[in-house]
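Before any comments, here is the structure.
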Amino acid sequence: MYLAIKKNMEAYELLPIGLGIIIANLPLAGMAVFDSTSGIHQSSGIFGVIFYYTLSFWNILPPITFLGLGAITDFTPLINNPKTLLLGAAAKYVVI
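When you line the sequence shown up against the numbering used here, it's residues 1 to 96, in that order.
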């Protein structure tokens with residue numbers, strides 16, 4: 001979060017990731033509770049309920065995330081130097 005706020009380095013990615021890490025590691029957040037009798041991890045707390053009933057059922061979230069990141073990609077270097085098209089095509093091939 002320091003890099004996102006102070007250094008302004010990809011704040012749209014680093015800030016939500018950092019905030020999620022902090023919330024998940026709060027001592028009483030109840031993201032996952034270990035039940036010693038059954039040996040199964042069970043989600044509990046408000047964040048566990050939100051995740052279970054909303055985010056875990058939305059299989060469309062990862063494609064929407066990558067679509068959004070692709071939409072904000074800057075193609076100015078590609079237009080200025082068309083030789084980099086091969087690098088971009090290779091990177092896209094690796095992602096797919």
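Cβ atoms here follow ideal geometry from the backbone N, Cα and C, with glycine treated the same way.
Predicted, not measured: the structure shown is a model, and the values here were computed from it.
Pairwise C-alpha distance: residue j and residue i
i: Leu-85; j: Ile-5; result: 32 Å
i: Pro-82; j: Leu-15; result: 33 Å
i: Ile-79; j: Leu-19; result: 35 Å
i: Tyr-12; j: Pro-63; result: 17 Å
i: Leu-87; j: Trp-58; result: 33 Å
Bounding residues of the alpha helix (DSSP H) (the contiguous stretch that carries residue i)
i: Phe-66; result: 61-71
i: Glu-13; result: 11-24
Residue closest to residue i, alpha-carbon to alpha-carbon, out of the options
i: Lys-92; options: Gly-70, Asn-25 and Glu-13; result: Gly-70
i: Ile-22; options: Pro-77, Thr-65 and Tyr-2; result: Tyr-2
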